[in-house]
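Down below is the structure, laid out as structure tokens.
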Amino acid sequence: MPDAEMTELVQRSVEESLLGGPRKYTRTQVAEQSGVPEGESRRLWTAMGFPANADDQLDFTQMDITAVTNFRNMKVVYASNIRQQAAAARTIGQGMARLAEWQADLVLAEIKARTAAADPAIPLADRVSAATESTMASIEQLQTYVWRRHLAAAVARSTETLGEDSMRTLAVGFADMVGFTRLTRHLHPDELSTLLEAFESTTTSAITDNGGWVIKNVGDEVMFAAETATAAARISLAIQESTMLVGGTPELRVAFAYGEVLQRFGDLYGSVVNIAARLTGVARPGNILIDDAAASALDDSPEFAIRHLRSVRVRGFNRLRPHRLRQA
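Written as structure tokens, this is what we have:
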């Protein structure tokens with residue numbers, strides 16, 4: 001069988017496996033069976049990142065009807081307005097979309113490998129179907145396991161601040177690679193991929209090993225948070241130290257600030273976040289800068305050495321006083 005035909009067969013098998021069967025319902029039928037008005041379901045659908053096709057197009061399966069019904073049956077969601085519901089759907093959709101983009105090639109390659117390894121006496125369509133089911137089951141099991149572990153950790157951190165939007169006192173920091181834009185012009189794609197993998201793996205390890213968590217990775221920068229300034233200081237020092245141990249990795253600028261932040265859908269907002277970002281921008285390569293609140297929280301710790309620097313003027317802050325952090 002030609003490779004293109006094989007790929008088409010695999011893709012069709014994957015879609016039916018993932019969606020629970022062929023597409024056979026219109027948006028109007030979804031609304032009738034779920035009890036959710038068409039306008040609301042369309043808004044939630046697009047918020048999750050899917051195109052809003054014509055209402056009479058057969059684009060949905062029974063799984064879609066069940067998902068819409070379950071989403072609206074959540075008490076907190078049902079009590080919120082459509083804007084808040086759309087925000088929740090958008091956050092879920094963005095996270096899942098990024099994960100799916102990474103997994104797509106892996107899934108197809110795994111299914112083809114399992115199909116090729118199966119008994120050739122079995123019809124190809126049956127082999128593809130069996131390989132699809134076993135691959136999906138393995139990935140779903142792993143994905144659910146990782147999600148449950150992360151959710152357990154997030155719930156433990158959030159027991160005192162229940163609610164989708166909440167104020168918390170945290171240390172928020174950034175670490176970014178110096179000269180990354182210049183490097184990307186000269187690196188082969190394989191070298192760039194290796195560089196980013198080294199950066200993400202070393203920073204993630206330094207953050208999690210010292211009691212923090214990654215908020216997000218954006219290219220050459222990682223944003224992290226920790227419950228205390230002490231934990232953030234240990235994270236920052238570990239990031240700088242681990243980066244120096246990885247050959248070929250550019251120097252980093254690291255900074256963090258401490259105080260009240262708004263936690264919303266897994267991200268953090270507020271002046272503390274902005275201060276940390278501005279400090280990262282003015283930090284010298286290889287250095288760690290912290291704000292007044294973090295310096296005050298760490299002042300009596302024999303573990304760290306803090307040097308007070310001259311105030312700087314940055315966007316949004318006329319007088320921002322940085323402090324340089326080092327190991328005592």
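Residue numbers (UniProt numbering): 1 to 328.
By construction, the Cβ of each residue, glycine as well, lies at the ideal position given by its N, Cα and C atoms.
Tell whether a beta-carbon distance below 7 Å holds between residue i and residue j.
| i | j | result |
| --- | --- | --- |
| VAL254 | ALA175 | yes |
| GLY35 | ALA97 | no |
| THR61 | GLY93 | no |
| residue 359 | ALA86 | A query on residue 359 cannot be resolved here, the shown segment of the chain reaching from 1 to 328 and no further. |
| LEU289 | ALA297 | no |
| VAL214 | PHE224 | yes |
| ARG27 | ASP64 | no |
| VAL222 | THR202 | no |
| ILE275 | ASP291 | yes |
| ALA206 | ILE235 | yes |
| VAL178 | PRO285 | yes |
| ALA118 | ALA89 | no |
| LEU309 | ALA233 | no |
| THR243 | LEU237 | no |
| ARG114 | ALA131 | yes |
| ILE82 | GLU40 | yes |
| LEU58 | ARG12 | no |
| PHE265 | GLY173 | no |
| ALA180 | ASP220 | A quick correction: the sequence has Phe, not Ala, at residue 180. Against a cut-off of 7 Å, the Cβ pair of ASP220 and PHE180 comes out as a contact. |
Assuming residue i contacts residue j (C-beta within less than 8 Å), just tell me the rounded distance between them.
| i | j | result |
| --- | --- | --- |
| ALA171 | ALA294 | 6 Å |
| THR144 | ILE111 | Between ILE111 and THR144 the Cβ distance is about 20 Å, and since that is not below 8 Å, they are no contact. |
| ALA231 | GLY259 | 15 Å between Cβ atoms; not a contact. |
| ARG313 | ARG319 | 7 Å |
| VAL128 | VAL10 | 6 Å |
| VAL107 | VAL30 | Wrong, their Cβ atoms sit about 26 Å apart, outside the cutoff. |
| LEU262 | GLY270 | 5 Å |
| LEU187 | PRO250 | No, LEU187 and PRO250 are not in contact; Cβ-Cβ is about 11 Å, not under 8 Å. |
| GLU133 | SER17 | 6 Å |
By the DSSP assignment, the beta strand (DSSP E) with residue i in it spans what residues?
| i | result |
| --- | --- |
| PHE224 | 221 to 226 |
| GLU260 | 252 to 264 |
| GLN327 | 323 to 327 |
| VAL314 | 312 to 314 |
Is residue i helix, strand or coil when you go by DSSP?
| i | result |
| --- | --- |
| ILE288 | strand |
| ILE215 | strand |
| LEU162 | Unreliable positioning characterises LEU162 in this predicted model, as indicated by a pLDDT of 47, which lies under 50. A coordinate reading is not provided. |
| ASN274 | helix |
| LEU187 | coil |
| ARG319 | strand |
| SER138 | helix |
| VAL36 | coil |
| LEU19 | helix |
| ASP299 | coil |
| SER80 | coil |
| MET96 | helix |
| MET74 | coil |
| LEU192 | helix |
| MET6 | helix |
Who are residue i's beta bridge partners in DSSP?
| i | result |
| --- | --- |
| TYR269 | LEU262 |
| SER129 | DSSP, once it has assigned bridges, lists no residue as partnering SER129. |
| ASP176 | GLU221, ARG253 |
| ILE306 | LEU325 |
| THR280 | For THR280, which the question treats as bridged, DSSP gives no partner whatsoever. |
| ALA171 | ALA226, TYR258 |
| TYR25 | PHE60 |
Could you give the residue range of the alpha helix (DSSP H) that holds residue i?
| i | result |
| --- | --- |
| ASN53 | Careful: ASN53 lies outside any alpha helix (DSSP H) and carries neither H nor E. |
| ILE122 | It is not in any alpha helix (DSSP H) - ILE122 carries neither H nor E in the DSSP assignment. |
| LEU58 | Unbroken run through LEU58: none, as it is neither H nor E. |
Taking 6 Å as the cut-off, is the beta-carbon of residue i closer than that to any non-hydrogen atom of the ligand ATP?
| i | result |
| --- | --- |
| GLN263 | Among the components modelled here there is no ligand, and therefore nothing to report on the ligand ATP. |
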